[in-house]
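In case it helps, the numbering used here puts the sequence shown at residues 117 to 443.
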Amino acid sequence: MYGNDQCKVSNAPVPEPMGVICAAVYLIVMFVFIPIPFLEWIGHEAEFPHEKLLAVLSGLISISTAILLGFADDMLDLRWRHKLLFPTLSSLPLLMVYYVSGNSTTVIVPSIVRHLLQPWILLPITINISFVYYIFMGMVIVFCTNAINILAGVNGLESGQSLVISASVSLFNVVQLVRLESENSTGFWHHIISLYFLLPFTACTAVLFYFNKYPSRVFVGDTFCYWSGMTLAVVSILGHFSKTLMLFFIPQIVNFVYSTPQLFHLVPCPRHRLPKYDPKTDTVSMSVAEFKKSELKTLGKAFLAICRAVGMLHMEEFERTETVTCA
117 MYGNDQCKVS NAPVPEPMGV ICAAVYLIVM FVFIPIPFLE WIGHEAEFPH EKLLAVLSGL
177 ISISTAILLG FADDMLDLRW RHKLLFPTLS SLPLLMVYYV SGNSTTVIVP SIVRHLLQPW
237 ILLPITINIS FVYYIFMGMV IVFCTNAINI LAGVNGLESG QSLVISASVS LFNVVQLVRL
297 ESENSTGFWH HIISLYFLLP FTACTAVLFY FNKYPSRVFV GDTFCYWSGM TLAVVSILGH
357 FSKTLMLFFI PQIVNFVYST PQLFHLVPCP RHRLPKYDPK TDTVSMSVAE FKKSELKTLG
417 KAFLAICRAV GMLHMEEFER TETVTCA
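This is the structure:
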């Protein structure tokens with residue numbers, strides 16, 4: 117399996133998808149590591165923390181199914197509706213274990229929200245949103261597994277953003293562990309299990325980034341995108357900081373919002389576009405798409421007008437052919 121790098125002068129084939137190899141190494145390491153956190157309870161069946169073991173196994177099941185989905189996408193080029201359905205199914209083992217373990221579905225209302233709504237509504241400090249929290253976690257999983265895949269197409273971008281996010285989340289876990297101090301503190305185990313999943317992932321991603329950065333010697337493929345997104349979603353749910361994870365995904369959220377007109381066909385623009393390569397200067401520039409103004413829908417026209425006004429869109433109009441070029 118190979119692909120051609122359209123951001124280079126040379127059109128030599130590049131191995132793809134190397135994300136499968138990294139994911140396989142990651143799973144081997146995680147499977148070998150399973151008994152290590154529970155060595156102190158071996159021989160003490162009555163005190164064995166079965167709920168913690170279930171949490172680890174459910175996370176591995178969800179990650180394994182995400183890797184399978186990514187490999188299927190590499191082979192079969194799945195449609196978008198499948199990319200929304202399969203991650204939802206992959207989340208079920210994790211959410212079921214979260215439910216039967218009696219984990220909290222209470223969220224803290226931000227103080228600024230309570231202050232703004234205080235004249236009209238008196239909100240408590242915490243709210244138990246019950247089943248809605250499971251819907252939110254399912255949406256987090258679906259978003260994360262697709263967010264890395266949407267923001268892609270440049271050498272080192274997929275592996276680079278995953279490396280930055282995983283390293284940042286690892287640092288967040290370490291800071292929380294230092295704050296908690298005692299192993300018996302509430303939440304200590306949650307951040308430990310998050311690091312169990314994150315540290316091998318960060319190491320594998322760092323090696324992959326070394327070969328994937330410009331000029332890339334390998335492509336990561338969709339397998340890596342789904343694997344990385346699911347891993348980050350799993351550690352946030354097991355670590356009980358799924359809302360905090362969204363702060364680390366701000367660039368991906370902005371990219372998703374910016375891409376919605378393309379995803380929902382409000383603008384006749386291809387969804388999969390690469391930067392425009394100039395072989396004379398060996399540089400890349402913004403990609404462009406041409407279409408007729410008559411092809412624009414009302415919401416599409418409004419979106420183009422807003423983005424053009426704030427400088428987020430470069431647009432040229434050709435009156436003779438009634439063609440619009442957007443970048």
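We treat Cβ as the ideally placed atom computed from N, Cα and C, and that holds for glycine. From a predicted model like this one, the values you see are computed outputs, not experimental measurements.
Beta carbon of residue i nearer than 9 Å to that of residue j
{"i": "Gly-254", "j": "Thr-222", "result": "no"}
{"i": "Ala-349", "j": "Val-256", "result": "yes"}
{"i": "Pro-377", "j": "Leu-415", "result": "yes"}
{"i": "Gly-337", "j": "Asp-190", "result": "yes"}
{"i": "Val-285", "j": "Leu-169", "result": "no"}
{"i": "Pro-153", "j": "Val-172", "result": "yes"}
{"i": "Ala-263", "j": "Gly-186", "result": "no"}
{"i": "Ser-275", "j": "Leu-324", "result": "yes"}
{"i": "Leu-176", "j": "Met-146", "result": "yes"}
{"i": "Ile-241", "j": "Val-216", "result": "no"}
{"i": "Gly-272", "j": "Lys-329", "result": "yes"}
{"i": "His-430", "j": "His-356", "result": "no"}
{"i": "Met-428", "j": "Tyr-374", "result": "yes"}
{"i": "Phe-304", "j": "Val-351", "result": "no"}
{"i": "Arg-424", "j": "Val-130", "result": "no"}
{"i": "Ser-298", "j": "Phe-340", "result": "no"}
Opposing strand residues paired with residue i [DSSP bridges]
{"i": "Tyr-393", "result": "Val-400"}
{"i": "Thr-222", "result": "Asn-244"}
Distance between residue j and residue i (C-alpha atoms, nearest Å)
{"i": "Pro-151", "j": "Pro-316", "result": "16 Å"}
{"i": "Leu-354", "j": "Leu-267", "result": "25 Å"}
{"i": "Tyr-326", "j": "Pro-133", "result": "15 Å"}
{"i": "Glu-432", "j": "Ser-410", "result": "15 Å"}
{"i": "Val-125", "j": "Asp-398", "result": "7 Å"}
{"i": "Leu-287", "j": "Ser-220", "result": "24 Å"}
{"i": "Pro-384", "j": "Ala-421", "result": "15 Å"}
{"i": "Pro-209", "j": "Val-290", "result": "27 Å"}
{"i": "Pro-331", "j": "Ala-182", "result": "28 Å"}
{"i": "Pro-165", "j": "Ile-309", "result": "13 Å"}
{"i": "Glu-406", "j": "Cys-320", "result": "40 Å"}
{"i": "Asn-127", "j": "Ser-403", "result": "19 Å"}
{"i": "Leu-412", "j": "Val-370", "result": "23 Å"}
{"i": "Asn-96", "j": "Leu-296", "result": "Here the chain covers residues 117 to 443 and nothing more, so residue 96 does not appear."}
{"i": "Val-258", "j": "Met-212", "result": "16 Å"}
{"i": "Thr-261", "j": "His-381", "result": "21 Å"}
{"i": "Phe-149", "j": "Ala-322", "result": "20 Å"}
Reduced DSSP category for residue i - H, G, I as helix; E, B as strand; rest coil
{"i": "Lys-329", "result": "coil"}
{"i": "Asn-244", "result": "strand"}
{"i": "Glu-163", "result": "helix"}
{"i": "Phe-365", "result": "coil"}
{"i": "Thr-414", "result": "helix"}
{"i": "Thr-204", "result": "helix"}
{"i": "Val-323", "result": "helix"}
{"i": "Glu-156", "result": "helix"}
{"i": "Pro-235", "result": "coil"}
{"i": "Pro-151", "result": "coil"}
{"i": "Glu-299", "result": "coil"}
{"i": "Glu-406", "result": "strand"}
{"i": "Pro-384", "result": "coil"}
{"i": "His-356", "result": "coil"}
{"i": "Asn-271", "result": "coil"}
{"i": "Leu-176", "result": "helix"}
{"i": "Arg-424", "result": "helix"}
{"i": "Ser-286", "result": "helix"}
{"i": "Val-334", "result": "coil"}
{"i": "Met-134", "result": "coil"}
Cβ-heavy atom distance, residue i to the ligand PLP, below 8 Å
{"i": "Val-141", "result": "As far as ligands go, the structure on display features none, and thus does not contain the ligand PLP."}
### Query
Would you say the segment 192-203 touches the segment 157-167, given that touching needs at least three Cβ pairs under 8 Å?
no
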